[in-house]
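Numbering (UniProt numbering), first residue to last: 1 to 206.
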């Protein structure tokens, strides 16, 4: 609202400058020039020339003077209303600024302090989050080291398992070959036992 009234005030001041307000001595001369201009324009509009009668000229001059007086009155009325509006605007603007200084300014200061506190809390929260992020990075790094160790141990265990499986296959092959060799060994032992029990048979063979 204050901005709207200030804009109106500037418009009124611009109008007063555009109207070309002059000193009191000049204002007395202005009506004559205005009157002459109005008479000329009036005569031009009505299309009267040199052939117009003097009675018509006097009548038109009286009408122009009457119109001029009315315009003067309207001008004075507008100036009075303008001055009154200036006073109202000045009073309103002064009261508004006084109201803002005593009422709105403390509210704005309180809101500013609250926002600054909120910003400080947000800054602290961000700082805590950054510290937590650094801690998580360290924990993640330790997890990666542990995972690498476990992967190496897992690879070693797989290698050991493969070695054990190969040894098991070899043992199974050996076990399948044992029955044939055991039969042959048994036969050889029986023959050796017979030779030991009958020395003559051994001599005969010799």
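Glycine residues also receive a C-beta, built at the ideal position from the N, C-alpha and C atoms.
Just so you know, these numbers come straight off a predicted model, no measurement behind them.
Give me, in chain order, the residues of the same chain whose beta-carbon lies closer than 7 Å to that of residue i; leave out the 5 immediate sequence neighbours on both sides.
i	result
residue 125	none
residue 109	none
Could you name the residues of the same chain whose beta carbon sits closer than 6 Å to that of residue i, not counting the 5 residues immediately before and after it, in chain order?
i	result
residue 88	none
residue 149	none
residue 176	none
residue 78	none
residue 80	none
Using the rule of at least 16 other Cβ atoms within 10 Å of the residue's Cβ for burial, across every protein chain shown, is residue i buried or exposed?
i	result
residue 189	exposed
residue 64	buried
Near residue i, what residues of its chain come up, given a Cβ to Cβ distance below 8 Å and the 5 sequence neighbours on each side ignored?
i	result
residue 164	none
residue 76	none
residue 134	none
residue 102	none
Quick check on residue i - is its C-beta less than 8 Å from some C-beta in chain D?
i	result
residue 88	The chain inventory of the structure shown lacks chain D, comprising one protein chain alone.
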